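**Q** My structure is below; once you've seen it, I'll send some questions.
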Amino acid sequence: MDLKPAVENIFVQSSMGKRKTFEGDVDLPSLPLPELQHTLSRYLDSLKPFTTPAEYLKSFKIVEEFERGIGAELNEKLKEKANNEKNWVEKWWENYGYLKMRDSLLPYSNMIGVAPKMSGCCYGTEEDQIRNAALISYYTVNFCVLLRRQELKPSESMGGQRVFSMSQFRRLFCTVRRPGLVMDSLGVYFRTLEEGPCPSNVVIMCRGRFFNVNAIDEKGYTITPPEWEEKIREVLKICEDEEEPQNIGILTCDLREKWCKYREHILQSSDNNRNVMDIIERCLFVLVLDEDKPQSVDEVPNFCLNGDYNNRWADKSMSIIIFKNGFFGTIYDHTAFDGIASITCMNYIYRAISENMGEWLGSTPDRDFPTLEELKFDVDAKIMRKIKCLNKDLADNKKIGIYRKTFDDYGKIEIQRFGIHPDSFVQMALQLTYYRLYRKPAPCYETATTRAFFNGRTETLRSCTSECVDWVKAMLKHTFNISHKAGLLMEALKRHDQLMSEARTNAGCDRHLFGLYCTALEEGMPIPELYNDPSYFKSGGAGNFILSTSCTGYTAISGGVAPMCKDGYGIFYNILPDSIVFIISENLRSKETNAETYFSSLKRSLLDMRFILLYSNSSKL
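Residue numbering for the sequence shown is 1 to 621, as defined by full-length UniProt numbering.
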């Protein structure tokens with residue numbers, strides 16, 4: 001696969017009796033169901049930063065009544081479900097958290113991915129677009145081949161004490177979210193070699209047109225970069241003609257119910273349409289050759305999320321966007337997987353190309369490969385009118401702002417010198433920043449992985465704690481000495497670490513409360529008062545977290561998504577040895593948010609935190 005040893009050692013499983021990629025999944029323990037008392041205790045704790053004493057007392061009484069009455073009844077039913085299923089929340093989370101959502105996938109739901117410039121690669125011209133697209137496509141297909149052969153190393157915790165679920169990696173490729181009137185559905189066509197054949201084609205989008213190319217030959221060998229270059233040049237040449245593009249892709253960016261109706265109309269129009277739709281929806285991934293020209297990596301997130309929707313297929317699990325000047329980014333359907341799967345794939349691509357300094361070191365076999373095929377729908381006047389209207393509606397109607405920002409004064413190394421977990425440290429900085437700007441704490445959702453369990457995805461860590469608020473308030477008071485502020489920070493960090501440890505065992509409060517809510521819905525029981533309590537919403541419940549956050553890891557790859565609510569921020573960060581990269585998103589219709597101002601204040605927060613820790617440590621000498 002033309003991999004340098006440094007990359008192969010990270011990603012590829014050795015043949016010395018190690019487990020296959022997906023082999024360990026079946027042996028993972030069932031997802032735990034926490035004790036109801038624990039969940040309600042953690043929930044009440046999370047209300048304190050956002051409620052007055054009177055509001056808290058009212059909520060406390062609601063929780064007490066819930067625990068003694070309908071909550072206990074619902075929990076018994078949920079226990080029965082948990083006893084019969086290895087992951088009691090899996091389908092509910094997928095259905096209610098994603099598939100039932102009716103808003104458009106772009107820009108509100110799809111994730112984006114961003115990589116720095118790759119070593120040895122050039123940026124600026126169409127030739128760079130062609131060359132980089134060829135290398136990126138080659139290594140993306142190779143990553144799929146690793147999964148097909150089950151040669152990708154299974155994920156595990158630091159130190160290797162725990163093996164993590166790899167189930168999400170089955171949905172990276174050959175996966176699509178199909179629109180429905182009430183609820184969408186997920187089509188997953190990936191198979192390992194042992195399980196049988198699966199699609200091997202890649203669909204290329206360019207200027208609103210579709211092209212199909214088979215990326216793996218009948219012997220299992222992939223298209224090489226020189227062969228990819230040939231196909232990409234052919235696509236670009238064809239698209240120079242004056243033919244009017246069909247621009248069907250923009251329909252996938254409409255509201256789900258509307259797209260469902262138009263998709264059904266397209267499918268019923270002809271056998272050709274059904275065949276073309278099937279090819280696109282089942283393909284490995286979509287490769288987008290884009291006309292936009294980001295001037296730097298920092299501009300890539302915006303062009304991914306807010307670029308030309310005629311040249312997007314929002315339903316696909318993975319779309320790789322190669323811009324006209326060679327920069328690249330990615331778009332993913334969040335239904336299919338969480339950021340860890342997409343970041344692993346993107347990191348593989350980035351490392352493989354960078355380690356080879358952007359050069360192709362392999363050889364191209366002498367073979368006849370299938371020709372490029374343009375895919376054309378049979379489009380009638382109704383669809384053409386809809387596409388024209390959508391383009392008019394979406395023109396200059398940018399709804400989500402998303403930015404890549406780098407804090408480069410220090411990073412993981414310096415934070416760890418204080419004996420502090422880098423993620424906890426950044427979370428405290430996010431709270432200090434928000435409080436400084438708005439003079440109130442922000443309900444905060446931080447992703448905690450539950451992949452140590454069967455088909456595990458995430459639990460919510462409510463990271464705005466009473467300890468955190470005490471520290472934040474102290475930071476804004478000049479009467480408090482620095483050592484006292486440092487002490488309060490350490491207490492807040494300790495609490496955060498504790499809650500993260502609990503959340504990784506599914507013992508936060510949100511998934512359990514969500515499960516109880518779903519149980520009431522499906523049993524036809526009345527929705528308990530707890531879920532209508534104003535304090536529930538104030539603390540972030542029902543999708544009202546002002547800060548929606550996640551640590552995307554410690555690699556060079558960044559990712560992000562739109563904020564959870566109108567007046568909130570999405571804040572995603574990857575922590576590097578000497579810097580921290582942030583992806584910050586905001587709703588541009590909000591009068592409350594300003595991502596530029598937030599990041600400026602965030603830099604100050606990070607510097608202030610280092611100062612109080614350095615001062616406190618020096619005063620002890």
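Note that CB positions come from ideal geometry on N, CA and C, so glycine has one too.
The structure displayed is predicted, hence computed values, not measured ones.
With DSSP as the reference, identify every bridge partner of S550, one or two as the case may be.
**A** DSSP lists F572 as partners of S550.
**Q** List in chain order: all unbroken alpha helix (DSSP H) runs of 4+ residues lying wholly within the region 369-451.
**A** The region 369-451 contains these whole alpha helix (DSSP H) runs: 381-394, 412-417, 422-438.
**Q** Straight-line CA distance for D241 to R207?
**A** Rounded to the nearest angstrom, the two C-alpha atoms are 11 Å apart.
**Q** Can S317 and A336 be called in contact, C-beta distance under 8 Å?
**A** Yes, they are a contact pair.
**Q** Can you tell which of R131, E596, K405, E127 has its C-alpha closest to the C-alpha of I557?
**A** Ranking the options by Cα distance to I557, first place goes to K405.
**Q** If we ignore side chains and look at the alpha-carbon of each, how far apart do F328 and N311 end up?
**A** The straight-line gap from Cα to Cα measures roughly 14 Å.
**Q** Suppose the cutoff is 8 Å on Cβ atoms and the five residues either side in sequence are ignored; what does the same chain contact list for D608 look like?
**A** Closer than 8 Å at the Cβ level, and outside the excluded window around D608, lie L432, M475.
**Q** Given that a residue counts as buried once 16 or more other Cβ atoms are within 10 Å of its Cβ, and exposed if not, what is D128?
**A** Classification for D128: buried.
**Q** From G419, N272, N356, E151, pick the residue whose C-alpha is nearest to that of D378; which is it?
**A** That would be N272, whose Cα lies nearest to the Cα of D378.
**Q** Grab the span of the beta strand (DSSP E) containing M183 for me, first residue to last.
**A** Where M183 is concerned, there is no enclosing beta strand (DSSP E), given that its DSSP letter is neither H nor E.
**Q** Among all the DSSP beta bridges, which residues are the ones paired with N214?
**A** For N214, which the question treats as bridged, DSSP gives the partners N201.
**Q** For D290, I'd like the list of residues in its chain whose CB is within less than 8 Å of its CB, leaving aside the five on either flank, ordered along the chain.
**A** Here the set comprises F303, G307, D308, N311, I321, I322, F323, K324.
**Q** To the nearest angstrom, how far is it from the Cα of R385 to the Cα of T330?
**A** Approximately 29 Å between the Cα atoms of the pair.
**Q** Tell me the residue span of the alpha helix (DSSP H) that contains V7.
**A** Counting along the chain, the alpha helix (DSSP H) containing V7 begins and ends at 5-11.
**Q** For the alpha helix (DSSP H) that contains G515, what are its first and last residues?
**A** Where G515 is concerned, the enclosing alpha helix (DSSP H) stretches over 510-523.
**Q** What is the DSSP secondary structure of R367, counted as helix, strand or coil?
**A** DSSP places R367 in coil when its eight states are reduced to three.
**Q** What would DSSP say about C206, mapped onto helix, strand or coil?
**A** If DSSP states are grouped into helix, strand and coil, C206 belongs with the strands.
**Q** Within this structure, are the beta carbons of Y598 and L488 separated by less than 8 Å?
**A** Not a contact, by the Cβ cut-off of 8 Å.
**Q** Give the straight-line distance between the Cα atoms of G358 and D409, rounded to the nearest whole angstrom.
**A** Each residue's alpha carbon lies about 29 Å from the other.
**Q** Got a sec? Which residues, its chain only, sit under 7 Å from L621 by beta carbon, not counting five neighbours each side?
**A** Residue placement at L621 is flagged as unreliable, the pLDDT there being 49, under the threshold of 50; a coordinate-derived value is accordingly withheld.
**Q** Suppose you measure from the CA of K4 to the CA of Y350; what does that come to, to the nearest Å?
**A** Cα to Cα, the separation comes out at about 12 Å.
**Q** Verify whether the separation of the beta carbon atoms of E586 and Y569 is less than 8 Å.
**A** Yes, Cβ-Cβ distance for E586 and Y569 is below 8 Å.
**Q** Given a cut-off of 8 Å on the beta-carbon distance, is the pair F169 and A341 in contact?
**A** Closer than 8 Å, so yes.
**Q** Do you know offhand how far S30's Cα is from N95's?
**A** Whole-angstrom Cα-Cα distance: 20 Å.
**Q** Helix, strand or coil for residue 622? Go by DSSP, reduced to three states.
**A** With the chain covering 1 to 621 only, the question about residue 622 has no answer from this structure.
**Q** Across which residues does DSSP place Y332 in a beta bridge pair?
**A** Bridge partners of Y332: M111, M318.
**Q** Going by C-alpha distance, which of A381, G411, L613 is nearest M578?
**A** Before going further, note that residue 578 is Asp rather than Met in the sequence given. Ranking A381, G411, L613 by Cα distance to D578 puts G411 first.
**Q** Round the Cβ separation of N110 and D333 to the nearest angstrom and send it over; I've been treating them as touching at under 8 Å.
**A** Going by Cβ atoms, the distance from N110 to D333 rounds to 6 Å, so yes, they are a contact pair.
**Q** Beta-carbon separation of Y348 and F11 under 8 Å?
**A** Yes, Cβ-Cβ distance for Y348 and F11 is below 8 Å.
**Q** Report, in whole angstroms, the separation of the C-beta atoms of V202 and C283, which I expect to be a contact under 8 Å.
**A** Correct: roughly 6 Å between the Cβ atoms.
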